[in-house]
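What follows is one structure encoded as structure tokens, with my remarks underneath.
2 protein chains.
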Amino acid sequence: MPASYAYLGPEGTFTEVALRTLPEAATRELVPYVSVQSALDAVRAGEAEAAFVPIENSVEGGITTTLDELVAGAPLMIYREVLLSIAFALLVRPGTKLSDIKTVTAHPAAQPQVRNWLKANLPDAVWESAASNADGARLVQEGRYDAAFAGEFAASRYGLEALETDIHDAENAQTRFVLVGRPARPAAPTGADKTSVVLWQRDDHPGGLRDLLGEFATRGINLMLLQSRPTGAGIGNYCFCIDAEGHISDRRVAEALMGLKRICLQVRFLGSYPRADVGPEEVRPLLPGTSDEEFAAAADWVARCQDGRF
Amino acid sequence: MPASYAYLGPEGTFTEVALRTLPEAATRELVPYVSVQSALDAVRAGEAEAAFVPIENSVEGGITTTLDELVAGAPLMIYREVLLSIAFALLVRPGTKLSDIKTVTAHPAAQPQVRNWLKANLPDAVWESAASNADGARLVQEGRYDAAFAGEFAASRYGLEALETDIHDAENAQTRFVLVGRPARPAAPTGADKTSVVLWQRDDHPGGLRDLLGEFATRGINLMLLQSRPTGAGIGNYCFCIDAEGHISDRRVAEALMGLKRICLQVRFLGSYPRADVGPEEVRPLLPGTSDEEFAAAADWVARCQDGRF
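Chains L and A are the protein sequences, given in the same order.
So the first sequence is numbered by UniProt numbering: it starts at 1 and just counts up by one.
So the second sequence is numbered by UniProt numbering: it starts at 1 and just counts up by one.
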């Protein structure tokens with residue numbers, strides 16, 4: 001298997017910064033791709049060992065391009081997640097003053113995160129979208145726009161300076177990234193893990209989604225993300241991308257997935273992997289009766305009953 | 001109240017075409033705005049009677065800009081919805097051949113709907129985003145790009161011709177638009193209505209969302225949309241935009257909303273309005289025991305019991 005990681009490029013974006021926080025990234029060649037789709041296709045085609053892409057953002061929610069790529073096509077699996085705090089700098093050519101700025105640029109995903117700042121500080125500036133934040137910085141370097149919103153780390157790469165830093169509309173603006181590879185055995189549980197699945201309902205009826213969520217709730221499993229995505233069969237037809245606390249090797253999680261497999265039209269397992277938000281000491285306590293030991297004891301008891309040995 | 005409707009402009013986009021299908025639009029001045037936010041702000045400020053904006057799309061799902069504007073700020077209410085089938089035409093300057101096209105443009109929301117067509121027919125064309133599909137057509141007219149994806153109706157307005165029509169990646173590609181005004185009494189039920197609400201959970205615990213959905217399921221109410229949106233309090237903090245079948249004057253819907261009001265941190269009512277997808281003859285039959293008559297009879301029975309007259 002080639003020892004390279006594809007990532008959503010170009011170089012000098014938040015994605016590359018987040019990827020470099022993973023210890024395993026140090027031993028791989030990191031190859032930028034022009035889109036989430038092309039990075040994941042490189043994994044599917046065997047050109048890259050894994051791909052690193054954004055999947056959720058505390059301002060915009062689930063990143064639909066990534067979710068849709070994981071929902072459809074050849075199955076892929078999530079092996080790692082990284083959380084990165086996002087704050088923008090306003091990058092300009094040296095000497096530019098705030099009052100000189102008539103045009104600003106950045107990737108469209110940056111816009112909701114800098115909207116209020118723009119309204120307050122540059123209400124008349126014209127916004128033009130760039131292919132990425134790094135590409136916006138390059139366009140400022142070339143003189144096409146007056147200023148770009150990007151990570152402060154991009155300034156030196158493009159010979160720009162940061163006129164303002166720490167720009168973000170929401171407190172705790174974070175983006176979640178995932179490392180995605182071809183399906184294989186998930187890593188062993190760490191004690192603070194997360195399991196991702198996609199669910200398709202068998203039919204649409206009152207209580208249908210409530211019943212799916214009941215498979216988790218019945219086993220005391222908390223959900224961390226529920227994002228509906230269109231199936232492509234017209235308005236109102238959705239599948240559900242769900243992140244649940246726990247690992248598929250936890251008995252409560254395995255039993256919930258079996259329950260879903262029985263009642264759903266289709267279930268796609270997207271992986272069990274370590275949580276980036278908390279460590280094993282910080283996970284919420286299990287509800288009574290939902291530990292592996294209690295599942296095992298209950299199974300023993302039923303087996304004894306079936307044997308007449310209760 | 002000024003007799004004008006704000007809409008997401010510019011002129012000549014799918015939004016304007018959808019708006020003109022509403023009979024009441026014929027008697028109003030229709031004023032294009034540069035963004036969903038500015039159109040809704042015009043309503044909040046009393047400059048416009050109502051605003052017409054896209055809210056859901058069968059390819060992309062809920063349109064997050066619109067949902068986020070309805071979730072936050074001064075309360076607004078949905079009065080009408082319109083469904084429009086979306087197919088793109090490839091607009092070019094007269095005489096341009098497919099092989100001449102090096103650059104294409106459109107609003108970013110068009111991209112997922114034409115992606116496969118582009119891959120198959122213009123794999124080397126460079127994509128540049130435009131502020132709107134109509135604006136993309138204007139930029140082609142000015143010679144800045146070779147071709148634009150837009151509604152076929154935009155061709156004549158910009159002196160272009162349609163090289164291809166009926167381009168869409170998903171069958172039944174539709175967009176749902178809503179007419180939004182300041183809160184007032186909802187229109188009377190038509191027999192095929194929909195109710196929109198936003199729910200904030202009181203706390204995050206296993207089964208929390210299942211319990212919210214149970215308020216609908218217990219009363220036999222089917223959901224048509226469930227879209228999670230970040231609350232802005234960091235990754236994993238979501239509120240839920242829900243469309244449910246029925247009208248707030250239906251007893252089952254009113255009782256479900258009361259149940260949600262009791263258990264949620266906050267409930268925002270976004271309106272009850274006629275469904276655009278089906279008429280009163282086509283709505284799904286009610287589950288046994290969930291009609292207004294049965295609710296009334298059950299309330300009578302409890303009152304009689306409380307009186308000792310059962």
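Backbone N, C-alpha and C fix where the C-beta goes; we use that ideal spot for every residue, glycine too.
Looking at the secondary structure, which residues open and close the alpha helix (DSSP H) in which residue i lies?
i: residue 119 of chain L; result: 111-121
i: residue 65 of chain A; result: 64-71
i: residue 15 of chain A; result: 14-19
i: residue 137 of chain L; result: 133-141
i: residue 271 of chain A; result: Here residue 271 of chain A belongs to no alpha helix (DSSP H); instead the beta strand (DSSP E) covers 264-274.
i: residue 295 of chain L; result: 292-306
i: residue 157 of chain A; result: 154-157
Are the C-beta atoms of residue i and some chain A residue less than 9 angstroms apart?
i: residue 1 of chain L; result: Below a pLDDT of 50, predicted positions are generally treated as unreliable, and residue 1 of chain L, at 47, falls in that range; no measurement from the model is reported.
i: residue 58 of chain L; result: yes
i: residue 228 of chain L; result: yes
i: residue 189 of chain L; result: no
i: residue 143 of chain L; result: no
i: residue 238 of chain L; result: yes
i: residue 250 of chain L; result: no
Is any beta-carbon of chain L found at less than 9 angstroms from that of residue i?
i: residue 207 of chain A; result: yes
i: residue 222 of chain A; result: yes
i: residue 235 of chain A; result: yes
i: residue 216 of chain A; result: yes
i: residue 279 of chain A; result: no
i: residue 287 of chain A; result: yes
i: residue 98 of chain A; result: no
i: residue 193 of chain A; result: no
i: residue 8 of chain A; result: no
i: residue 15 of chain A; result: no
i: residue 75 of chain A; result: no
i: residue 112 of chain A; result: yes
i: residue 108 of chain A; result: yes
i: residue 40 of chain A; result: no
Please decide whether residue i counts as near chain D, where near means a Cβ-Cβ distance under 9 angstroms.
i: residue 232 of chain A; result: Any reference to chain D falls outside this structure, whose protein chains are L and A.
Could you give the C-beta distance for residue i and residue j, rounded to a whole number, given that I count them as a contact under 8 angstroms?
i: residue 284 of chain L; j: residue 222 of chain L; result: 7 angstroms
i: residue 155 of chain L; j: residue 91 of chain L; result: 5 angstroms
i: residue 198 of chain L; j: residue 51 of chain L; result: Rounded, the Cβ-Cβ distance is 18 angstroms, inconsistent with contact.
i: residue 265 of chain A; j: residue 304 of chain A; result: Not confirmed; about 36 angstroms, so no contact.
i: residue 69 of chain A; j: residue 37 of chain A; result: 6 angstroms
i: residue 192 of chain A; j: residue 271 of chain A; result: Contact doesn't hold; Cβ gap of about 15 angstroms is too wide.
i: residue 140 of chain L; j: residue 134 of chain L; result: About 11 angstroms; that fails the 8 angstroms criterion.
i: residue 243 of chain L; j: residue 196 of chain L; result: 5 angstroms
i: residue 83 of chain L; j: residue 276 of chain L; result: 4 angstroms
i: residue 107 of chain A; j: residue 130 of chain A; result: 6 angstroms
So the candidates are the options; which of them puts its Cα closest to the Cα of residue i?
i: residue 311 of chain A; options: A/6, A/218, A/187; result: Residue 311 of chain A lies beyond the stretch modelled for chain A, which goes from 1 to 310, so this question has no answer here.
i: residue 4 of chain A; options: A/49, A/34, A/44; result: A/49
i: residue 226 of chain L; options: L/107, L/212, L/125; result: L/212
i: residue 44 of chain L; options: L/138, L/73, L/118; result: L/73
i: residue 176 of chain A; options: L/229, L/194, L/235; result: L/235
i: residue 220 of chain L; options: L/153, L/289, L/78, L/262; result: L/289
i: residue 205 of chain A; options: L/18, L/78, L/286, L/240; result: L/286
i: residue 93 of chain L; options: L/163, L/233, L/11, L/209; result: L/163
i: residue 20 of chain A; options: A/96, A/34, A/81; result: A/81
Could you give the first and the last residue of the continuous beta strand (DSSP E) run that contains residue i?
i: residue 240 of chain A; result: 238-245
i: residue 41 of chain A; result: No beta strand (DSSP E) contains residue 41 of chain A, which is instead part of the alpha helix (DSSP H) from 36-44.
i: residue 209 of chain A; result: Not the beta strand (DSSP E): residue 209 of chain A falls in the alpha helix (DSSP H), residues 208-217.
i: residue 89 of chain A; result: 88-92
i: residue 129 of chain L; result: 126-129
i: residue 194 of chain A; result: 193-201
i: residue 163 of chain L; result: 161-167
i: residue 85 of chain L; result: 77-85
i: residue 278 of chain A; result: Note, residue 278 of chain A: premise wrong, no beta strand (DSSP E); not H, not E.
i: residue 55 of chain L; result: 50-57
i: residue 341 of chain A; result: The shown model of chain A, from 1 to 310, leaves out residue 341 of chain A, and the question about it has no answer.
i: residue 6 of chain L; result: 4-8
i: residue 310 of chain A; result: Premise fails: residue 310 of chain A is in no beta strand (DSSP E) and is neither H nor E.
i: residue 230 of chain A; result: 223-230
i: residue 283 of chain L; result: Neither: residue 283 of chain L is in no beta strand (DSSP E) and is coded neither H nor E.
(request) Compile a chain-ordered list of the residues in the segment 116-141 of chain L whose CB is closer than 7 angstroms to at least one CB of chain A. (result) Here the close residues are 129.
(message) Can you pull out the residues from the segment 254-271 of chain L whose beta carbon lies closer than 7 angstroms to at least one beta carbon of chain A?
(response) Per Cβ criterion, the list is empty.
(message) Counting only Cβ-Cβ distances shorter than 7 angstroms, please list the residues of the segment 154-169 of chain L near chain A, keeping chain order.
(response) Against chain A - using a Cβ distance shorter than 7 angstroms - the segment 154-169 of chain L contributes no residues.
(request) Scan the segment 82-94 of chain A for residues whose Cβ lies nearer than 9 angstroms to a Cβ of chain L and list them as they occur along the chain. (result) Residues passing the 9 angstroms Cβ filter: 83.
(message) Can you pull out the residues from the segment 168-187 of chain L whose beta carbon lies closer than 7 angstroms to at least one beta carbon of chain A?
(response) Within the segment 168-187 of chain L, the qualifying residues are 170, 172, 174, 176.
(message) To be precise: take each residue of the segment 62-73 of chain A, compare its Cβ to all Cβ atoms of chain L, and keep it if any distance is under 7 angstroms. Which residues remain?
(response) Correct list: 64.
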